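*Asks:* Be aware that the sequence shown starts at 7, since it is given in the numbering used here, and climbs by one per residue.
This is the structure, below, for whatever I ask next.
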Amino acid sequence: MEKEKKSGFSVFCAVLLIFLVFADQLSKAAAVTRLKPVGQIPVIRNVLSLLYLENRGAAFGMLKERQWIFVLIAAGVLLFVLYFFIKLPARKKFRPLGICLVLIAAGAAGNLIDRVLRGYVIDFIYFELIDFPVFNVADICICVGIGCMILLMLTRYREDELL
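So this is what it looks like as C-alpha cells:
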C-alpha cells in the first residue's frame, strides 16, 4: 500500500514536471516570436514589462560564455534531485518537499534545454520598479522551489527524518 501511494505521487510529480518544463519552453518560444522583434512590451507602466534578453551567463549575467559549467551544474542538480526524490519517504508529510524538488528540477531542466539547444537562456520578465534582473518561468520554478524547501526544512521537518 505504501508503495502504491509513492508511485501515484511519483506519477503526479512526473506530470507536473513535464507541464512546468513545457510551460517554460512555450513561454520562451512566445518570447522569441512575439517579443524579440519589438524588444520590450510594458505590462504595468514603470513596474513590470516583458523584455527580451539572451542570457549567456548565470544569475544576473555572471560567468558569460561558460555554458559548459552551467550544463554540468544543471545536470548535477537534476541527478541530485532525482536521488533525493527516490530516497524521500513515501509518507504524505513529505509530499510538499517532493513538490519543491519537482519545481527545482523543472527550472533546471528548462534552462538546461535552452543552454544545450541555443547556447543561452531566454529571459523576458522584468520588474522595472526595482530594476530586478530579467528572468523567466524556469527561474521562478527554481526560486519558489528552493524558497519553499528552506521554509519546510526550518518549520516542518526534523533533521533525523530526512537522513
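For every residue, glycine included, the Cβ atom is placed at its ideal position computed from N, Cα and C.
Here the structure is a predicted model, which means the values were calculated and not measured.
Write down the C-beta distance between Phe130 and Leu56 rounded to the nearest angstrom, noting that I regard them as a contact closer than 8 Å.
*Replies:* 5 Å
*Asks:* Taking the C-alpha atoms as reference points, what is the distance between Gly116 and Val27?
*Replies:* 5 Å
*Asks:* Please classify Tyr89: does DSSP put it in a helix, a strand, or coil?
*Replies:* helix
*Asks:* Give the single residue among Val140, Cys19, Ile75 whose Cα lies nearest to the Cα of Phe91.
*Replies:* Cys19
*Asks:* Measure the CB-CB distance between Leu158 and Pro102 and report whether it falls below 8 Å.
*Replies:* yes
*Asks:* If we ignore side chains and look at the alpha-carbon of each, how far apart do Leu54 and Gly125 end up?
*Replies:* 27 Å
*Asks:* Restricting to Cα atoms, I'd like to know which of Asn142, Asn52, Leu109 is closest to Ile136.
*Replies:* Asn52
*Asks:* According to DSSP, is Val108 helix, strand or coil?
*Replies:* helix
*Asks:* Compare the Cα-Cα distances from Ala81 to each of Ser33, Phe138, Val122 and report the closest residue.
*Replies:* Put simply, of Ser33, Phe138, Val122 the residue whose alpha carbon is nearest the alpha carbon of Ala81 is Val122.
*Asks:* What whole-angstrom Cβ distance do Gly151 and Gly104 have, given they're in contact under 8 Å?
*Replies:* Incorrect: roughly 11 Å between the Cβ atoms, too far for contact.
*Asks:* Provide the residue(s) that pair with Pro48 in DSSP beta bridges, ordered along the chain.
*Replies:* Ser55
*Asks:* Check the DSSP bridge columns for Asn61 and list the partner residues they point to.
*Replies:* Val127
*Asks:* Below 8 Å on the Cβ atoms is my contact criterion, and I expect Lys34 with Asp120 to pass it. Report the Cβ-Cβ distance as a whole number of Å.
*Replies:* 7 Å
*Asks:* DSSP three-state call for Phe138: helix, strand or coil?
*Replies:* It is coil, neither helix nor strand.
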